[in-house]
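These notes are about the structure you will find just below.
There are 2 protein chains.
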Amino acid sequence: MSYPIITIARTFGSGGRIIGEKVATLLGIPFYDRALIQITAEKSGFHAAVVEQMQHKKPASLLYTLSGSAMEAPLQDQVFFAQAAVIRELAEKGPCVIVGGCADSVLEEKAPILKVFIHAPLEERAIRTKEVYKAEAKDYKDYVKKMDKKRKAYYDYFAHRTWGKAENYHLCIDSSIGLDMAADLIMRTAKELAEK
Amino acid sequence: MSYPIITIARTFGSGGRIIGEKVATLLGIPFYDRALIQITAEKSGFHAAVVEQMQHKKPASLLYTLSGSAMEAPLQDQVFFAQAAVIRELAEKGPCVIVGGCADSVLEEKAPILKVFIHAPLEERAIRTKEVYKAEAKDYKDYVKKMDKKRKAYYDYFAHRTWGKAENYHLCIDSSIGLDMAADLIMRTAKELAEK
Numbered sequence: 185m186s187y188p189i190i191t192i193a194r195t196f197g198s199g200g201r202i203i204g205e206k207v208a209t210l211l212g213i214p215f216y217d218r219a220l221i222q223i224t225a226e227k228s229g230f231h232a233a234v235v236e237q238m239q240h241k242k243p244a245s246l247l248y249t250l251s252g253s254a255m256e257a258p259l260q261d262q263v264f265f266a267q268a269a270v271i272r273e274l275a276e277k278g279p280c281v282i283v284g285g286c287a288d289s290v291l292e293e294k295a296p297i298l299k300v301f302i303h304a305p306l307e308e309r310a311i312r313t314k315e316v317y318k319a320e321a322k323d324y325k326d327y328v329k330k331m332d333k334k335r336k337a338y339y340d341y342f343a344h345r346t347w348g349k350a351e352n353y354h355l356c357i358d359s360s361i362g363l364d365m366a367a368d369l370i371m372r373t374a375k376e377l378a379e380k
Numbered sequence: 185m186s187y188p189i190i191t192i193a194r195t196f197g198s199g200g201r202i203i204g205e206k207v208a209t210l211l212g213i214p215f216y217d218r219a220l221i222q223i224t225a226e227k228s229g230f231h232a233a234v235v236e237q238m239q240h241k242k243p244a245s246l247l248y249t250l251s252g253s254a255m256e257a258p259l260q261d262q263v264f265f266a267q268a269a270v271i272r273e274l275a276e277k278g279p280c281v282i283v284g285g286c287a288d289s290v291l292e293e294k295a296p297i298l299k300v301f302i303h304a305p306l307e308e309r310a311i312r313t314k315e316v317y318k319a320e321a322k323d324y325k326d327y328v329k330k331m332d333k334k335r336k337a338y339y340d341y342f343a344h345r346t347w348g349k350a351e352n353y354h355l356c357i358d359s360s361i362g363l364d365m366a367a368d369l370i371m372r373t374a375k376e377l378a379e380k
C-alpha cells in the first residue's frame, strides 16, 4: 500500500507549514499549501487574492448575513467548496501533504488519510511570527491569538467540528519538541500506515 | 540529560495504559498505573478501594455538595491531593511513566515532562473494553462514553483545564495507528527531549 494523504491543521505560528514541507521532502511526495490557493483560483475563476482572503475571514454569522452584507457569506462558501473540490482532485492523484483548507474534514470519507494537528506554546509562536514569518504587529501574542480565532471559526464552521480537539486527529504534536522531530514522527507514522 | 517524566492521559478503552507500559519497558524506567493507588493508600491511610473509587467519580457539583452529602466532595479532594503528593515524590526519584491521576497538571511546574494523551475511535474502544478488559456491560459504546464523561469531569475539575484539548499535551495519538507504533513515537520523543 502507498502512503496516506497527510493533512495538517495548525495553530498560527506553530511551524505546521514548515513541518509539512519537511514531511513531504522526507517521503518524496507533493506538498500543497499556498499552491492550493493558486490552483483553486485557476480552476474556479476566483482571483487568488479573493481565495486567500476568504480563508482568513471569520465566517459570517447568520445575523451578519441578514444585516445587509448578504453576499459575503455565500462567497466564502463558494470559495470553500471550490477549494474542497481541488483538495479531492489532488488526493485522488496520490499521496501528498496538504496544509490547511480543512482538508482532514474534506477527505474524511476518502481514506486512507493521516490527520495531523500542530500547535506550540504562545510565546514560541509569537517569536516565530516576528522572526521567521516577519509579520508586522504591535503585540505579537495578540496577533497570534487573533489569527487563531479566525482559524478556529473557519474550521468549526466548515469542518462541522472542534478545531484542536485531539480526537479529531491521528496525531497532535507540540512543535516545541522540535520541527525536525515533529516531521520525523509524522513520516514514521505515514510509513507504518503504508505497511498496514 | 535524562528522560522526561512521561504522563499519559487517555480516553477509556484507548489502550493508553498498555502503551504506557510498553514505553516504560522500551526506556527501562518505572511504570505507575494501579501502583499509584496502592502507594497513595499506604501513604495516606485511605483504603485502596476508596482511593480507586474516588478516581471514578464525577466531582460533586457545588449544588450537590450543598444538598446534604457534604462529606463526599472534600473526601475526593483529600484523596486527589494525597495522590498528587505521591506523584510528585515519584517524579523526584527520576524518569518514569505515570498513567492517570492528572499527572500532567500535577507536574506542570516540575519540568521536564512529556505530556501524552491517547485516544481511539469509539468502535475500537468498545471492542477493547469487551475483549481485552473483559468489562461487563449491556452496551459497550454507552459504557465507554459514560467512563469518558467521568474522566473528563475529574480532569477538568482537578487539572483546571480541558481534557483532550490538543494544546494541553505534547503528543496526542490515536492508538488505531497501532499500540506498538504509538509507544514507539513516545519513546522516540522522550529520547529526543533527553538530548536537548
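Keeping their order, the protein sequence lines are chains C and R.
For the first sequence, our numbering gives the first residue as 185, with consecutive numbering after it.
For the second sequence, our numbering gives the first residue as 185, with consecutive numbering after it.
Here a beta-carbon is modelled for each residue, glycine too, at the ideal position from N, C-alpha and C.
Assigned exposure category for residue i - 16 Cβ within 10 Å defines buried
i        : result
Lys333/R : exposed
Ala188/C : According to the sequence as given, residue 188/C is Pro; it is not Ala. Pro188/C is buried by the Cβ-count criterion.
Gly229/R : exposed
Ser186/R : exposed
Gly197/R : buried
Pro258/C : exposed
Ala225/R : buried
Asp265/R : In the sequence under discussion, the amino acid at residue 265/R is Phe, which differs from the Asp named in the question. The residue is exposed, with fewer than 16 neighbouring Cβ atoms inside 10 Å.
Gly252/C : Any reading at Gly252/C needs caution, since the residue's pLDDT is 49, under 50, leaving its predicted position unreliable; the model's value is listed next. Exposed, since its Cβ has fewer than 16 Cβ neighbours within 10 Å.
Asp358/C : buried
Gly278/R : exposed
Asp364/R : exposed
Asp326/R : exposed
Lys322/C : exposed
Ala193/R : buried
Ala350/R : buried
Ala233/R : exposed
Arg309/C : buried
Continuous beta strand (DSSP E) stretch holding residue i: start and end
i        : result
Ile370/R : Taken as a continuous stretch (DSSP letters only), Ile370/R belongs to no beta strand (DSSP E), being part of the alpha helix (DSSP H) at 363-379.
Ala193/C : 189-194
Lys299/R : 297-303
Phe280/C : The sequence shown places Cys at residue 280/C, rather than the Phe named in the question. Looking at the DSSP string, Cys280/C is not in any beta strand (DSSP E), and its letter there is neither H nor E.
Residue i: first and last residue of the uninterrupted alpha helix (DSSP H) it sits in
i        : result
Ile311/C : 306-315
Asp340/C : 324-343
Ile223/C : 218-228
Ile213/C : From DSSP, Ile213/C is part of no alpha helix (DSSP H); its letter is neither H nor E.
Ala233/R : 232-239
Ser186/R : Where Ser186/R is concerned, there is no enclosing alpha helix (DSSP H), given that its DSSP letter is neither H nor E.
Ala287/R : 287-290
Near the ligand HEM: residue i beta-carbon under 7 Å from a heavy atom
i        : result
Phe301/R : The model on display carries no ligand, and the ligand HEM is accordingly not part of it.
Residue-level contact to chain B via CB, residue i, 8 Å cutoff
i        : result
His354/R : In the displayed structure, chain B is absent; the protein chains listed are C and R.
Check: Is the stretch 203-217 of chain C close to the stretch 312-320 of chain C, with three or more CB pairs under 8 Å?
Finding: no
Next item on the list: Below 8 Å between beta carbons is the criterion; list the residues of the stretch 335-352 of chain R that meet it against any residue of chain C, in chain order.
Entry: Gly348, Lys349, Ala350, Glu351
Notebook entry, point to check: Touching or not, the stretch 286-300 of chain R and the stretch 337-355 of chain R, by the rule of three or more beta carbon pairs under 8 Å?
Noted result: yes
Check: For the stretch 359-376 of chain R, which residues have a beta carbon sitting closer than 8 Å to at least one beta carbon of chain C?
Finding: Ser360, Ile361, Gly362, Met365, Asp368, Leu369, Arg372, Thr373, Glu376
Next item on the list: Please determine if the stretch 366-380 of chain C and the stretch 200-209 of chain C are in contact, where contact requires at least 3 C-beta pairs separated by less than 8 Å.
Entry: yes
Checklist line | Residues within the stretch 287-315 of chain C neighbouring chain R, beta-carbon criterion of under 7 Å | finding: Phe301, His303
Notebook entry, point to check: Quick one, which residues of the stretch 203-233 of chain C are near chain R if we go by CB-CB under 7 Å, in chain order?
Noted result: none
Item checked: the stretch 254-274 of chain C: positions lying closer than 7 Å to chain R by Cβ -> none
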